[in-house]
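Residue numbers (the working numbering): 22 to 525.
Note that beta-carbon positions come from the ideal geometry of N, C-alpha and C, so glycine has one too.
Below: one structure, written as structure tokens.
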């Protein structure tokens with residue numbers, strides 16, 4: 022049997038072309054790995070429903086290759102898992118809620134259709150936190166069973182693209198679809214030692230995704246390498262008339278993006294690019310060294326920065342007035358998430374029509390506090406007297422960041438994705454991240470979410486006790502290609518991706 026651990030898209034396609042591998046064989050191996058390590062054994066619990074058609078679709082791709090002598094598309098035969106926030110035709114899709122345990126969509130999300138058109142084989146669905154709104158991996162659809170971190174089974178993988186992060190890290194797939202509103206791609210990527218990109222919202226359609234905050238929501242690629250992440254992005258972006266936010270995708274195409282017709286076109290220049298780059302360090306959002314968890318993260322991120330500095334990268338400290346305020350106040354989970362989710366439920370008449378009828382006002386689970394509050398927020402966000410001011414301050418923050426990057430001639434900003442390493446499961450219940458009855462999870466990912474800038478998480482290394490830490494780079498709108506090129510250079514110099522032990 023082939024060893025598919027850490028296998029890349031290029032290696033798979035090389036195997037197809039020289040006859041040493043077929044799509045059916047590849048898909049079968051990944052399904053076996055899921056059965057052995059995810060559904061049994063240590064039970065990582067990264068996957069939900071699996072596709073009964075995956076092997077059949079793989080065989081069809083093998084026949085296509087035999088008959089035409091060419092690959093169907095950039096992702097021909099590549100196994101992909103889909104976050105259970107997105108509709109998949111014929112497969113149970115729960116949106117992270119027990120009330121949707123029997124929900125089987127009759128249509129694929131737009132992005133799923135695009136991935137299949139590129140030749141991808143959908144293996145199934147991945148776990149998602151409750152309504153994609155919780156920082157820990159559990160949800161009602163799994164009876165609140167956590168997704169285990171492949172690097173330490175007693176630790177969480179972050180959320181809400183929990184299963185996507187764990188499955189890519191554990192080699193249960195080559196690629197996975199994530200979705201990021203406040204950090205849901207980047208937190209699991211950081212905690213699982215993989216690459217995850219949050220693109221400019223509107224480059225990728227959200228049709229078929231249950232929303233959280235429509236103005237911040239965006240699907241994105243999750244992979245083990247920057248190159249595979251870029252290839253997946255190629256197959257996800259594009260205008261969708263059913264999602265008016267994808268005017269951004271139409272604008273990007275009109276501007277000639279990506280350059281060279283692919284986000285991979287100039288990746289090979291990434292090593293030189295990072296060596297000559299000027300990066301702004303947001304030290305305000307590093308945790309205190311007095312906290313051992315923050316210090317463990319800081320040590321890893323600063324060591325990665327030191328490696329890049331030694332290679333030639335210039336780092337300058339930047340300062341943003343009222344940064345803590347700007348990263349929190351403009352968030353509108355409590356003002357509009359109920360309305361946005363309800364608008365999606367309205368397209369599913371067989372499901373309850375109001376989030377407030379599904380989620381209780383209070384919960385004995387501390388990590389559910391934000392979900393409960395947003396579920397009982399206003400039916401119309403404009404009924405909240407602070408809503409307009411939050412939007413105005415959101416846009417003000419974006420202008421400040423844009424001007425900072427431009428005035429200093431920066432190629433990107435950088436900071437840890439999260440100020441601590443992956444937490445233990447008991448931290449979800451013991452109040453570690455609660456302050457005055459309010460959850461304060463130590464993520465930095467709100468920065469790019471509020472400004473709606475693209476951001477990429479790249480493996481930075483591991484703490485002394487073996488927990489993964491990521492480093493995040495943030496660019497201006499439409500700078501996905503530049504960020505991917507910088508990340509390619511970081512990947513080459515820092516070289517922090519390592520497969521978890523034991524899952525052979």
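Each residue's CA atom was taken as its position, placing residue 122 and residue 514 some 44 Å apart. Residue state for residue 355 is assigned as helix, using DSSP reduced to three classes. Between residue 468 and residue 436, the CB-CB gap stays under 9 Å. Looking at 236, 310, 210, 113, the one whose alpha-carbon comes closest to that of residue 470 is 236. Sequence-distant Cβ neighbours of residue 155 in its own chain, meaning closer than 7 Å and more than five residues away, are 180, 181, 388, 389, 392. For residue 88, the secondary structure class from DSSP, reduced to helix, strand or coil, is helix. In the three-state DSSP reduction, residue 346 falls in the helix class (H, G or I). When secondary structure is reduced to three states using DSSP, residue 300 falls in the strand class. Per DSSP, residue 54 is not a residue of any beta strand (DSSP E); the alpha helix (DSSP H) it occupies stretches across 44-54. Residue 360 counts as buried, since at least 16 other C-beta atoms from the protein chains shown sit within 10 angstroms of its C-beta. By the Cβ criterion, the region 216-225 is not in contact with the region 362-379, since fewer than three pairs of Cβ atoms, one from each stretch, lie closer than 8 Å.
Taken through DSSP and simplified to helix, strand or coil, residue 328 comes out as helix.
By the CB criterion at 9 Å, residue 325 and residue 511 fall inside the cutoff. The residue from 363, 160, 517 with its alpha-carbon nearest to that of residue 374 is 363.
The beta carbon of residue 328 is closer than 8 Å to those of 514, 515 in its chain, skipping five residues each way along the sequence.
Three or more Cβ pairs closer than 8 Å define a contact, and the region 42-60 falls short of that threshold against the region 107-119.
According to the DSSP assignment, residue 483 belongs to the beta strand (DSSP E) that extends over 476-483.
Under the three-state reduction of DSSP output, residue 38 falls in the helix class. Judged by pairs of C-beta atoms under 8 Å, the region 131-150 touches the region 92-107, as three or more such pairs exist. Boundaries for residue 516: no alpha helix (DSSP H) harbours it, and the DSSP string shows neither H nor E there.
The Cβ atoms of residue 209 and residue 199 lie closer than 9 Å to each other. Taking C-beta separations shorter than 8 Å and ignoring five residues to either side along the sequence, the partners of residue 288 in its chain run 247, 248, 251, 505, 506, 509, following chain order.
Residue 495 is bridged by DSSP to 434, 476.
Secondary structure at residue 389: helix, using DSSP grouped into helix, strand and coil. Residue burial is scored here from C-beta neighbours: residue 297 has fewer than 16 other C-beta atoms within 10 angstroms and is therefore classed as exposed. In the structure shown, residue 362 falls within a helical segment according to DSSP collapsed to helix, strand and coil. Residues of the same chain with a CB within less than 6 Å of the CB of residue 335, apart from the 5 flanking positions on each side, are 299 in chain order. Under the DSSP definition of a beta bridge, residue 69 lacks any partner. Here residue 83 has 43, 44, 45 as same chain residues with Cβ atoms under 7 Å from its own Cβ, once five neighbours each way along the sequence are excluded. Around the CB of residue 406, fewer than 16 other CB atoms lie within 10 Å, so the residue is classed as exposed.
With contacts defined as CB atoms closer than 9 Å, residue 278 and residue 499 qualify as a contacting pair.
Taking one beta carbon from each stretch, the region 480-500 and the region 310-321 have 3 or more pairs nearer than 8 Å; the two touch. Counting only runs of 4 or more residues that sit fully inside the region 243-272, the alpha helix (DSSP H) segments are 247-255, in chain order.
Your pair residue 476 and residue 492 does not check out as a contact, with CB atoms roughly 11 Å apart and the cut at 8 Å.
The beta carbon of residue 422 is closer than 6 Å to those of 472 in its chain, skipping five residues each way along the sequence. At a cut-off of 4 residues, the continuous stretches assigned as alpha helix (DSSP H) that sit fully inside the region 116-188 are 131-138.
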